[in-house]
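Chains A and B supply the protein sequences, listed in that same order. Going by the numbering used here, the first sequence opens with residue 85, and the numbers climb by one from there. Going by the numbering used here, the second sequence opens with residue 85, and the numbers climb by one from there. By construction, the Cβ of each residue, glycine as well, lies at the ideal position given by its N, Cα and C atoms.
Protein chains: 2
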Amino acid sequence: MAEDPIATWFTLFNEIGIVNQLSSTLLEAQLPKGMLRSHFSVLNHLIRVSDGRTPLELSRAFQVPKASMTHTLAGLEKAGLVALRPHPKDGRSKQVWLTEAGRAFRDDAVAALEADIEGLAAEIPTDEVAAALPFLTRLRKVMDSARDG
Amino acid sequence: MAEDPIATWFTLFNEIGIVNQLSSTLLEAQLPKGMLRSHFSVLNHLIRVSDGRTPLELSRAFQVPKASMTHTLAGLEKAGLVALRPHPKDGRSKQVWLTEAGRAFRDDAVAALEADIEGLAAEIPTDEVAAALPFLTRLRKVMDSARDG
DNA sequence: CTCATTTAGTTCGATATGAAATTATTATCG
DNA sequence: CGATAATAATTTCATATCGAACTAAATGAG
Chain A
85 MAEDPIATWF TLFNEIGIVN QLSSTLLEAQ LPKGMLRSHF SVLNHLIRVS DGRTPLELSR
145 AFQVPKASMT HTLAGLEKAG LVALRPHPKD GRSKQVWLTE AGRAFRDDAV AALEADIEGL
205 AAEIPTDEVA AALPFLTRLR KVMDSARDG
Chain B
85 MAEDPIATWF TLFNEIGIVN QLSSTLLEAQ LPKGMLRSHF SVLNHLIRVS DGRTPLELSR
145 AFQVPKASMT HTLAGLEKAG LVALRPHPKD GRSKQVWLTE AGRAFRDDAV AALEADIEGL
205 AAEIPTDEVA AALPFLTRLR KVMDSARDG
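Encoded structure:
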């Protein structure tokens, strides 16, 4: 091989872009009409990390502009999947809380995805996925700090 | 570890999503205002693979709906970076050809990115990136064929 | 305390994205 | 051949995304 480094990095981001596209499509096929990956991701994050996060924390976690997060949260709130409440310690801020419907929605989506994931796991053992994670996590962290510095 | 397989796959797609987001931001910071990753990606693909591709081929290559590709190509054409011509063998179809300005635009963008990429490569040797590619390529192919079957 | 600055979130406007219907052309089958 | 089905691209329309300007609240320097 002995490839041009630029080309190698480009290929990396290219493959990642396509896999990302495919994973959005896979997920959204299991969501009710109108619900997108952005909505699901926020619900999932609130369950994994814990709810009560602020909109700004969420926008940083997903690396999207805060205006985008405002919009996503408005959609979730209108659907009754989260509740926005004033932040107890900071009058400028808010906290995002899951509703029961929000938890149920996320659980249903995860359940619906299980068959798809099993299909993938039949082709690519989960061990291999787990083995690929450290690189991606490191890459994410490096890129994240490069963004500031 | 011995993680829940679903959780492992979710983490994978999550990390990929964030890296993708970060790579878009990185790239778009080097593009003239109004130009997005979608535009650059098409130009780059036309150079890497060869121009004369049809819009449908491009939409499949990037796994985006063909209406999205129509729109992206319209933007590129308006900017004078590609030329759309009738397909010589199929009256329904078109071919997308790079203009000189399109090639120059892509080359400039790549050159502008070199410093960024070098910054990343200082933290993560290109060898490691190359080592990560087979997994991602395999994943992309598996997901791509799972989409049909 | 007061004013300037910073920070959290929203609003606004412009553009991107994508599903569904539409048009034009080609392929296929009786 | 002629009718029907399939295919390539566009148009339409609704929504998502996100930069920039804005509002409100907190911080902090004097």
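9 Å Cβ cut-off: residues of chain B touching residue i
i         : result
Leu217(A) : Thr92, Thr95, Leu96, Glu99
Val194(A) : Ile90, Phe94
Leu160(A) : In chain order: nothing, as chain B lies at least about 18 Å away.
Start and end residues, alpha helix (DSSP H) containing residue i
i         : result
Pro139(B) : 139-146
Lys173(A) : Lys173(A) -> no alpha helix (DSSP H), and no H or E assigned at all.
Leu204(A) : 184-207
Ile89(B)  : Just to set this straight, residue 89(B) is Pro in the shown sequence, not Ile. Its alpha helix (DSSP H) spans residues 89-112.
Ala163(A) : Note, Ala163(A): premise wrong, no alpha helix (DSSP H); not H, not E.
Ser122(A) : 121-133
Buried versus exposed, by CB contacts within 10 Å (16 or more), residue i
i         : result
Ser152(B) : exposed
His123(B) : buried
His155(A) : exposed
Arg190(A) : buried
Arg224(B) : buried
Val180(A) : buried
Leu110(B) : buried
Ala216(B) : buried
Glu99(A)  : buried
Pro139(B) : buried
Gly118(B) : exposed
Ser125(A) : buried
Ser143(B) : buried
Per-residue contacts from residue i into chain A (C-beta, under 7 Å)
i         : result
Ser143(B) : Near Ser143(B) there are no residues of chain A at all, since even the closest Cβ is about 11 Å away, more than 7 Å.
Leu223(B) : Val103, Ile208
Glu198(B) : Ile90
Residue j beta carbon less than 9 Å from that of residue i
i         : j         : result
Ile102(A) : Leu197(B) : no
Leu120(A) : Ser108(A) : yes
Ala205(B) : Val213(B) : yes
His171(A) : Ala145(A) : no
Leu165(A) : Leu127(A) : yes
Leu182(A) : Asp135(A) : yes
Ile208(B) : Arg222(A) : yes
Thr210(B) : Thr210(A) : no
Arg169(B) : Lys178(B) : yes
Ala113(B) : Asp200(A) : no
Ala158(B) : Ala185(B) : no
Gln147(A) : Asp228(A) : yes
Terminal residues of the beta strand (DSSP E) in which residue i lies
i         : result
Pro116(A) : That residue, Pro116(A), is in no beta strand (DSSP E); it is neither H nor E in DSSP.
Under 7 Å by beta carbon: chain B residues contacting residue i
i         : result
Asp228(A) : Leu106
Under 8 Å from the C-beta of residue i: neighbouring residues of chain B
i         : result
Val166(A) : The contacting residues do not exist; Val166(A) stays about 19 Å from chain B at best.
beta-carbon residue i near the ligand PLP non-hydrogen atom, thresh 8 Å
i         : result
Lys225(B) : Ligands in the displayed structure: none, and consequently the ligand PLP is not present.
Amino acids of chain A, ordered along the chain, whose beta-carbon sits closer than 9 Å to that of residue i
i        : result
Glu87(B) : Thr210, Ala214
Interface residues of chain A facing residue i [CB-CB closer than 8 Å]
i         : result
Leu220(B) : Leu96, Glu99, Ile100, Val103, Ala216
- Scan the segment 203-214 of chain B for residues whose Cβ lies nearer than 7 Å to a Cβ of chain A and list them as they occur along the chain. Gly203, Leu204, Ala205, Glu207, Ile208, Thr210, Glu212, Val213, Ala214
Original post:
Looking at chain A, which residues of the segment 127-143 of chain B have a Cβ within less than 9 Å of any of its Cβ atoms?
Top reply: Asn128, His129, Arg132
Name the residues in the segment 143-157 of chain B whose C-beta lies less than 9 Å from a C-beta of chain A; which are they?
-> Ala145, Phe146, Gln147, Val148
- Task: With 8 Å as the limit, tell me which residues of the segment 170-190 of chain A have their beta carbon closer than that to any beta carbon of chain B; keep them in chain order.
- Result: none
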